[in-house]
Each structure stands twice: as structure tokens, then as C-alpha cells.
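Quick notes on the structure that follows.
2 protein chains.
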Amino acid sequence: MAHFADRLFAAIEKKGGPICVGIDPVLEKLPDVVREGRGAVDAIEVFCSRVLELVGDRAAMVKFQSACFERYFSEGLACLHRLIGRARELDVMVILDAKRGDIGSSAAHYAAGCLADGEAFGGAFGQGGPDALTVNGYFGLDGLAPFMKVGASEGKGLFALVRTSNPGGDAIQSLKLTDGRSVAEAMGGVVAEIGSGAEYEGECGYSLLGAVVGATKSEDAAALREIMKGQIFLVPGFGAQGAGADDVRACFDGDGRGALVTASRSITYAYGEPVVKEWEASVKKAVEEMQDEIAAILG
Amino acid sequence: MAHFADRLFAAIEKKGGPICVGIDPVLEKLPDVVREGRGAVDAIEVFCSRVLELVGDRAAMVKFQSACFERYFSEGLACLHRLIGRARELDVMVILDAKRGDIGSSAAHYAAGCLADGEAFGGAFGQGGPDALTVNGYFGLDGLAPFMKVGASEGKGLFALVRTSNPGGDAIQSLKLTDGRSVAEAMGGVVAEIGSGAEYEGECGYSLLGAVVGATKSEDAAALREIMKGQIFLVPGFGAQGAGADDVRACFDGDGRGALVTASRSITYAYGEPVVKEWEASVKKAVEEMQDEIAAILG
């Protein structure tokens with residue numbers, strides 16, 4: 000398979016913009032018409048499958064929130080894996096947002112279970128598995144290396160947590176080091192270093208190791224962009240968490256590349272309350288509007 | 000259910016020491032006699048179930064490495080959940096070592112899927128689910144709060160990653176802040192603050208929010224113990240990762256309490272090569288020896 004960053008850039012071109020739709024299914028928020036007569040996991044699968052069809056022609060990637068499926072234990076995990084296969088059938092690239100991390104040997108097991116194509120275990124994912132995984136950088140190089148190995152050999156990508164979009168993250172991530180950097184900037188430096196090297200870089204110049212940089216932390220984005228020139232930024236927080244198009248501008252490079260803006264609730268629950276009968280058009284409209292907003296700031 | 004810390008202290012008393020056995024099953028390392036005629040997940044289940052019986056009278060807790068099960072997808076997860084139920088039948092407390100973390104709403108889903116008792120979803124765990132979960136503190140308070148809520152209401156515990164046992168962790172965790180602390184110490188401070196308060200403290204004085212502090216980082220343990228007076232330390236790295244009894248001493252408080260030492264490979268693979276026929280006695284002997292070693296340093 001081609002390099003992850005090159006595949007992503009091709010998808011952005013094809014779909015018309017650097018848009019990712021986050022799929023975080025919560026039973027109580029699904030339209031009543033979807034829930035009626037169905038068990039929880041079945042309703043979630045029907046809903047997510049339809050969302051994939053609705054956003055698939057605009058979304059360069061979709062991002063599945065693993066927690067929303069794991070809460071239904073093995074039944075939820077099997078559903079997640081079927082949906083990953085469905086996304087790939089629809090020609091939509093997939094991020095598994097599982098934020099995994101551990102020391103080396105356990106990281107290798109996570110890489111096998113969350114990123115590899117799963118053929119060795121009966122092809123659980125179908126269609127080659129997720130294209131990328133979110134990971135925790137707190138373990139440093141030997142925690143990330145096993146994921147990088149799978150990424151390099153299978154054309155897959157990683158996004159390490161650098162600057163999270165929630166308010167509480169400041170307690171650690173905003174602390175200042177003796178060299179003047181914040182902890183998030185130091186994490187960015189570690190990620191940039193680990194992600195560098197010809198074996199990890201695509202023809203586009205970007206590494207298979209990217210970074211999560213919250214849109215709600217736009218005041219930090221410019222410095223992080225400078226530190227991580229080779230990292231694609233996965234930018235959550237757009238929409239429901241309060242960030243707008245202006246907040247994401249600094250996450251892109253000078254050519255308007257190198258970032259993927261992701262929105263979840265503002266797209267998938269764009270219909271509002273579950274009593275709505277015609278929910279599908281709202282979802283479709285929301286992703287189109289988000290694409291227009293991002294296109295406007297990229298000129 | 001009683002408070003997690005009080006339950007753990009009672010288990011330590013009953014089992015004869017602050018010992019945790021890590022269960023990280025890797026197919027290639029299992030005894031041939033266990034693997035023969037069995038599929039991967041079946042062999043893992045038979046092996047782990049027998050290990051639980053062998054160590055159950057000595058181990059205050061067992062720690063299941065989620066990655067080793069997740070690599071077998073939903074089939075592996077179902078196996079993990081059966082084993083958690085089996086441990087509880089044997090009166091062995093369980094840590095699910097899944098190192099989960101996310102922003103608030105997703106953290107709530109992880110808390111439901113990885114820590115709550117699962118009754119609402121058909122009792123997937125059996126016997127009330129795991130007693131504790133490892134979590135990532137990088138998200139700060141709003142990332143940890145949903146886990147704390149479940150912990151407080153269900154008598155369960157958490158261990159936040161503070162100082163990991165692998166060499167690569169130094170790249171972030173050893174960095175120095177302007178106030179003289181390391182990043183790991185700052186993380187410890189955040190954990191101590193989040194874990195404080197009467198609603199989180201047991202009668203023993205310890206919080207339901209503990210900390211992971213690697214035994215291989217013994218030079219940092221004393222300062223972290225001082226910063227986190229209310230945190231039980233989960234101490235990995237003993238045995239196969241190279242740390243010995245002397246390295247864990249500083250993780251305990253002045254009364255020889257407040258830490259749980261965990262070893263994985265040195266116990267569960269104590270028999271050596273898979274060709275061995277009589278593997279069970281070695282496992283039993285290894286946990287007894289570890290208990291004696293820890294007892295010696297605690298006087």
C-alpha cells in the first residue's frame with residue numbers, strides 16, 4: 000500500500016477538502032426512527048452505516064471513537080470492525096480513535112489489534128483495517144516504535160496526542176519547561192524527532208506519524224506547526240467544542256496543507272433532537288457547510 | 000461495594016503481601032502442552048485460567064494486559080471478560096491494564112466499557128467487572144473525572160500513568176519545569192490534587208486514584224511518594240524488566256503500605272521454554288519467591 004500521508008493527500012484532493020467526520024455514536028442521541036425496534040448495537044450500526052453513506056463523498060477520512068463501541072464490550076467491538084470495513088468499501092479512509100499506548104511489547108500487541116489489517120486473525124476488519132490510529136506519546140520512542148513499524152510496512156498512519164482540545168489538558172500540557180517550551184511543545188518535539196527519517200516520510204514530505212492538536216488551542220497551533228513541520232495535524236474541537244474556521248488556520252502549512260479538521264457531533268447530530276423524522280438531509284448539509292467553511296480559509 | 004483502597008488493603012493482608020501478577024498472554028510463549036490442539040484464543044484462555052488458580056492464593060490482584068487480548072479482536076475481548084469473571088470467582092481482585100484516556104464524554108464511555116460492572120449490558124464481565132483500570136492523565140481533570148465518578152460509586156480504583164517503566168518515557172517524563180519539578184512530578188501533583196477529597200478517600204487514608212510508578216525508576220520514587228501521599232502506587236518493572244526488591248522500597252510509605260508491586264513475565268513464564276511439560280509448579284514457585292522478596296524488604 001502507498002504511504003499514509005500520500006494516500007490522505009490524494010483523498011483530500013478527491014473529496015474536496017481536509018475534512019474528517021468523527022463518528023461517536025451515543026444511543027440516546029440517535030433518531031427515534033433508527034432506534035425503534037432495534038437493540039442498542041444494531042441501532043448504532045444502522046445509524047453509522049447510513050452516516051458513512053451520507054458523508055462519504057465529502058469526508059477525506061472518518062474517525063471512529065472506539066470508546067463508544069467498547070462500552071458494548073465484544074459485541075460493540077465486532078460492530079466497530081464491520082463499520083471500518085464498510086467505510087473502506089465506500090472508499091472512505093478511517094482513523095480508529097482509540098488513543099492506545101503502552102511500553103514496547105504491549106504496544107506491539109495494540110498495533111496488531113488496532114492498526115494491522117487483521118488478515119492473520121481472520122480479517123476481522125475486512126478491507127485492510129483502519130488507515131490510522133491515535134496514540135499516546137507519553138511513553139516516548141519505545142512506546143511508539145511498534146506502531147511506527149506497522150505504519151511503515153502497511154502504509155498506515157498515527158496521530159500522537161500533543162495538544163488535546165479539552166480545558167483540563169492545560170494542567171499538564173501548558174506547563175513551562177526550563178528551556179521556555181511548554182510540555183505540549185516538548186511532546187511535539189519528541190513526535191517530530193521520532194517521525195523523521197526517509198522510511199517514515201511520504202512523497203508529499205509528511206511523516207506517517209502525525210499529531211493531535213486541538214482547534215480550541217489555536218493560540219498554541221502556530222508554535223506547534225513550526226516544531227512539527229513534518230507532521231500532519233489531526234485537529235479536533237471544530238463545531239460542538241466551540242472552535243471555528245479561524246481557529247484552525249494556523250494548523251495548516253503555508254500551502255494550505257498538512258492538517259485534517261475533524262468534527263463529530265456538529266455533523267452526525269446536525270438534525271438536533273431524536274424525534275426528528277427526516278434526519279439524513281441535515282447530516283449531509285452539515286458536512287457540506289463544514290467543507291465550505293474550511294475551503295474559505297484555505298482560499 | 001466498599002472503597003477500592005480498603006478492599007485492596009484487606010486483600011494484601013489476606014494474601015500475605017502487596018503482590019500483583021501481570022497476565023500478558025503471548026501465544027508463542029505458552030507451554031506446548033497448552034497450545035496443542037487448541038486455537039489461539041482458546042489456548043490463551045486455558046493458560047490464563049490455570050495461572051489464576053496457581054497464583055490466586057498469593058496475589059492480592061492480577062493485572063490483565065488488554066493489548067494481548069485486543070489483538071484477537073472481539074473474540075479476544077470476550078475471552079478477557081470471561082477471565083475477569085473467573086478471577087473474581089477465585090476471590091482475586093483485578094486490574095484491567097488498558098491505559099485508557101480521552102476527553103470527558105469519551106472517557107465516560109470508556110469508564111462504562113472498562114470499569115463499570117457491565118450489568119447494564121448483560122453483565123459481560125460477570126461478578127462485577129474489574130476492580131481497577133489504568134488510565135492516562137495527559138488530559139487532566141476533565142479526562143479523569145468520568146472514571147473517578149464510576150470509581151466512587153462502584154468501589155473501584157484507577158491508576159494514572161505518572162512514571163512509566165520503559166527507557167523511552169524519559170524523553171517526556173524527565174524534562175524539567177521552571178519550578179524545578181520534572182514532568183512526571185507535575186503529573187504526580189495533578190493526580191494527587193484530582194484524587195484528594197473525602198469522596199475519594201477510603202478509611203485507610205488512600206484515594207481510589209492511584210499512580211503507575213515504574214520500579215525501574217527507583218531514583219524518582221521517593222520524590223513521587225512525597226508528592227502523592229494519598230496515592231497507591233502500582234509498580235511495574237519488577238522481574239523481567241530488571242528491577243529488584245531494593246528498587247521498590249521507596250514506593251511504600253513509612254508503614255510499608257501504599258504500593259502494589261507487579262510482575263508479569265517472570266511469574267507467568269517462569270517455566271522458561273514452551274517445550275516444558277511440567278510448567279505449573281514453576282509459576283507457583285515464582286509467585287511465592289516474589290512474595291518472599293517483597294516481604295523481606297518490608298520487614
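Chains Y and X, in that order, are what the protein sequence lines are. Just so it is clear: in the first sequence, position 247 is 246 by numbering that gives the first Met the number 0, and no numbers are missing. Just so it is clear: in the second sequence, position 198 is 197 by numbering that gives the first Met the number 0, and no numbers are missing. Every residue, glycine too, gets a C-beta built ideally from N, C-alpha and C.
Going by C-alpha to C-alpha distance, which of Glu27/X, Asp41/X and Lys155/X sits closest to Cys78/X?
Working through the second sequence from its first residue, we reach residue 78/X at position 79. The shortest Cα separation from Cys78/X among Glu27/X, Asp41/X and Lys155/X belongs to Asp41/X.
Could you work out which residues of chain Y lie near Gln230/X, taking near to mean beta carbons separated by less than 7 Å?
Within the second sequence, numbered from 1, the residue matching residue 230/X stands at position 231. Residues of chain Y passing the Cβ test: none, with the nearest at roughly 16 Å.
Work out the CA separation of Arg224/X and Gly253/X for me, nearest whole Å.
As a first step, residue 253/X must be located in the second sequence, where it is residue number 254. As a first step, residue 224/X must be located in the second sequence, where it is residue number 225. Taking the straight line from one Cα to the other gives about 10 Å.
Beta-carbon within less than 8 Å of Gly16/Y's beta-carbon, same chain only, minus the 5 sequence neighbours each way: which residues are those?
Along the first sequence, one-based indexing puts residue 16/Y at 17. Correct list, in chain order: Arg57, Ala59, Gln290, Ile293, Ala294 and Leu297.
Just to confirm before moving on: does the CB-CB distance between Ala170/X and Gly103/Y stay below 9 Å?
Taking the second sequence and counting its residues from 1, the one referred to as residue 170/X is at position 171. Taking the first sequence and counting its residues from 1, the one referred to as residue 103/Y is at position 104. The answer is no: Cβ separation not under 9 Å.
Starting from Val211/Y, trace the beta strand (DSSP E) both ways and give me its first and last residue.
Translated into the one-based positions of the first sequence, residue 211/Y becomes position 212. Val211/Y -> beta strand (DSSP E) spans Leu208 to Val212.
Mind listing the chain Y neighbours of Cys67/X? Cutoff is C-beta to C-beta under 8 Å, in chain order.
Reading the second sequence from its first residue, position 68 is the one you call residue 67/X. What Cys67/X touches in chain Y: Ser105 and His108.
Given a limit of 8 Å on CB to CB distance, which residues of the region 43 to 56 of chain Y reach chain X?
none
For a minimum of 3 consecutive residues, which ranges assigned as the beta strand (DSSP E) are wholly contained in the region 89 to 143 of chain X?
92 to 99 and 131 to 134
To be precise: take each residue of the region 232 to 260 of chain X, compare its Cβ to all Cβ atoms of chain Y, and keep it if any distance is under 7 Å. Which residues remain?
none
Can Glu69/X and Cys113/Y be called in contact, C-beta distance under 9 Å?
For this step, residue 69/X is matched to residue 70 along the second sequence. For this step, residue 113/Y is matched to residue 114 along the first sequence. With a cutoff of 9 Å on beta-carbon distance, Glu69/X and Cys113/Y are scored as near each other.
What residues are listed by DSSP as bridge partners for Gln64/Y?
By one-based count along the first sequence, residue 64/Y stands at place 65. Beta-bridge pairing links Gln64/Y to Asp96/Y.
Contact with chain Y by Met227/X, beta-carbon distance below 9 Å
Position 228 of the second sequence, counting from 1, holds the residue named residue 227/X. Not an interface residue.
Label Val274/X either buried or exposed according to how many other C-beta atoms from any shown protein chain fall within 10 Å of its C-beta, with 16 as the threshold for buried.
In the second sequence, the residue the question calls residue 274/X occupies position 275. Exposed: under 16 other Cβ atoms inside 10 Å.
Which parts of the region 218 to 292 of chain Y are runs of the beta strand (DSSP E), unbroken and 3 residues or longer, counting only runs that do not cross its ends?
232 to 234 and 258 to 262
In this structure, how does DSSP classify Ser152/Y when only helix, strand and coil are distinguished?
Your numbering for residue 152/Y matches position 153 in the first sequence. The answer is helix: DSSP assigns Ser152/Y an H, G or I state.
If contacts are defined as beta-carbon pairs under 8 Å, then Ile22/Y and Val61/Y qualify, I think. What distance do you get, rounded to the angstrom?
Along the first sequence, one-based indexing puts residue 22/Y at 23. Along the first sequence, one-based indexing puts residue 61/Y at 62. Right, the Cβ-Cβ distance comes to about 6 Å (below 8 Å), so this counts as a contact.
Segments of 3+ residues assigned as beta strand (DSSP E) that fall wholly inside the region 20 to 88 of chain Y:
60 to 64
How many angstroms separate the CA atom of Asp246/Y from the CA atom of Leu176/X?
In the first sequence, residue 246/Y corresponds to position 247, counting from 1. In the second sequence, residue 176/X corresponds to position 177, counting from 1. C-alpha separation (whole angstroms): 28 Å.
Local conformation of Glu200/X per DSSP, three classes
One-based indexing of the second sequence puts residue 200/X at position 201. In the structure shown, Glu200/X sits in a strand (DSSP, three-state: E or B).
So, under 8 Å CB-CB, Ala97/X and Leu132/X are touching, yes? Tell me the CB distance rounded to an integer number of Å.
Within the second sequence, residue 97/X is the residue found at index 98, counting from 1. Within the second sequence, residue 132/X is the residue found at index 133, counting from 1. That belief holds up - the Cβ atoms of Ala97/X and Leu132/X are roughly 6 Å apart, short of 8 Å.
Just tell me which of Gly156/Y, Glu184/Y, Lys283/Y and Gly209/Y has its CA closest to the CA of Glu218/Y.
What you label residue 218/Y is simply residue 219 of the first sequence in a count that begins at 1. Per the Cα distances, Glu184/Y.
So what does DSSP say about Ala159/X, is it helix, strand or coil?
Taking the first residue of the second sequence as 1, we reach residue 159/X at position 160. The answer is strand: DSSP assigns Ala159/X an E or B state.
Leu89/Y and Leu51/Y look like a contact to me (Cβ under 8 Å); what is the Cβ gap, rounded to whole Å?
Position 90 of the first sequence holds residue 89/Y. Position 52 of the first sequence holds residue 51/Y. Confirmed, about 6 Å.
Close Cβ partners of Tyr270/Y (< 6 Å) along its chain, the five nearest in sequence each way excluded
To locate residue 270/Y, count along the first sequence from 1; it is residue 271. Around Tyr270/Y: Trp278 and Ser281.
Quick one: which residues of the region 135 to 167 of chain Y get their C-beta closer than 9 Å to a C-beta of chain X? List them in chain order.
Asn135, Gly136, Tyr137, Phe138, Gly139, Leu140, Asp141, Gly142, Leu143, Ala144, Leu160, Thr163, Ser164, Asn165, Pro166 and Gly167
Interface residues of chain X facing Gly204/Y [CB-CB closer than 9 Å]
Translated into the one-based positions of the first sequence, residue 204/Y becomes position 205. Correct list: empty, because the minimum Cβ distance to chain X is about 24 Å.
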